[in-house]
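Numbering (this note's numbering), first residue to last: 12 to 392. A short write-up of the structure that comes next.
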């Protein structure tokens, strides 16, 4: 869009959530508005304003832009490329002459776009492949507060269908000093018991959602030998019924098996290796680590969008992405990514899973942080 141009934009719907012209069924051919002047900005030039004749709400062209309310324009593509190339926020900020807060703000905006795009893709993709699930372990704030990010990945496409986060209690060998330190920290904040099984329960239900429109009579879910996974499938009345009827075929593979392409868990093992390599905060023994759970999940959401829709499935097999390997519908959705970094997604018009909603609305609690994370008002619109 040309800077300062006023005549090439038409509001697609009313920006007020309670207006009848905001609803998806009523916003087609929206014309119930009048021009309401303009205002001048340094970043975007002359910005036209509008007023809805139905509800009286006023809004501008910037209300619909991803850069709504920003005072400086930065390239989202450049930020994402650097984030997915193992650069820290400080390094990205130095390269783009911006503060780390500004970079975090742009990543948060990009994460909501990525979540909306992922939700839209899940409605049209009809996967014809088995699924692989596994827990990726990292930490946030301190190594006394590790977390497990459960990943649901396509066995052949390597497309990431769903993720879920849970903070767990520190385990493994510790010195007496470390045990004492953990006990002191747990008086202030302690992880919920059984978190891994609860997280896998949500992932198992995501499997059913993914296959809701599939024509396959059954599918296989591959995991490692974690005992909690089998307990979840046996303990849930709905899931256990599907297992008994053969709709879900749960198969396990030892985590000690060689992690090559012949391994049934290859797709999720490959993704975990890529996360360790590409996201600086997940590199082992690094000085860079996440300090806020919600922002950590926002960065992961941006990375997985890049992994699914922008990264090549194989470097030597042409330009097709993992999304295009899922099905023929995925190949047709390539054009849908255009404009994703220009026009923002609206929460009121986006259907999200529970895990996606927690990321979008920043509802996850960060250990030792007493207050809830701030969510800008425009992110709730």
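For every residue, glycine included, the Cβ atom is placed at its ideal position computed from N, Cα and C. For clarity, every value in this text was computed on a predicted model and none was experimentally measured.
Bridge pairing for residue 232: 142, 261 [DSSP]. Counting along the chain, no beta strand (DSSP E) covers residue 333; the unbroken alpha helix (DSSP H) around it starts and ends at 333–337.
Taken through DSSP and simplified to helix, strand or coil, residue 175 comes out as strand. Around the beta carbon of residue 198, fewer than 16 other beta carbons sit within 10 angstroms, so the residue counts as exposed. Taking 7 Å as the cut-off, the Cβ atoms of residue 356 and residue 124 count as close.
Residue 165 is bridged by DSSP to 142. Counting every other CB atom within 10 Å of its CB across the protein chains shown gives residue 385 a total below 16, marking it as exposed. The stretch 234–243 makes no contact with the stretch 159–171; the number of CB pairs closer than 8 Å stays below 3. Here residue 51 is bridged, per DSSP, to 57. Taking a contact as a CB-CB distance under 8 Å, the pair residue 151 and residue 307 counts as one, their CB atoms being some 5 Å apart. Rounded to whole angstroms, residue 170 and residue 215 show a C-alpha spacing of 16 Å. Burial state of residue 378 is buried, judged by a 10 Å Cβ sphere holding 16 or more other Cβ atoms. Residue 127 sits close to residue 361, with the two beta carbons spaced by under 7 Å. Annotated three-state conformation of residue 350 is coil, per DSSP. If you draw a 10 Å sphere on the C-beta of residue 223, you find fewer than 16 other C-beta atoms in it, and that means exposed. In this structure, the straight-line span from the alpha carbon of residue 232 to that of residue 137 is close to 16 Å. DSSP, read as helix, strand or coil, puts residue 372 in coil. Spatial neighbours of residue 330 in its own chain (CB-CB distance under 8 Å, excluding positions within 5 residues in sequence) are listed in chain order as 323.
Counting other Cβ atoms within 10 Å of its Cβ, residue 94 reaches 16 or more and is therefore classed as buried.
Every unbroken stretch of the alpha helix (DSSP H) spanning 4 or more residues and falling wholly within the stretch 279–319 is given here in chain order: 304–316. It is roughly 12 Å from the alpha-carbon of residue 369 to the alpha-carbon of residue 391. Under the 8 Å Cβ criterion, the stretch 300–314 does not count as touching the stretch 78–85, having fewer than three qualifying pairs. If you look at residue 211, you'll find it in the alpha helix (DSSP H) that goes 206–221. Rounded to whole angstroms, residue 251 and residue 218 show a C-alpha spacing of 14 Å. Membership of residue 69 in the beta strand (DSSP E) is indicated by the continuous run 69–71. Nearest neighbour of residue 194 by Cα position, chosen from 142, 181, 259, 109, turns out to be 181.
Within 10 angstroms of the beta-carbon of residue 110 lie fewer than 16 other beta-carbons, which makes it exposed. Sequence-distant Cβ neighbours of residue 210 in its own chain, meaning closer than 6 Å and more than five residues away, are 161, 175, 177.
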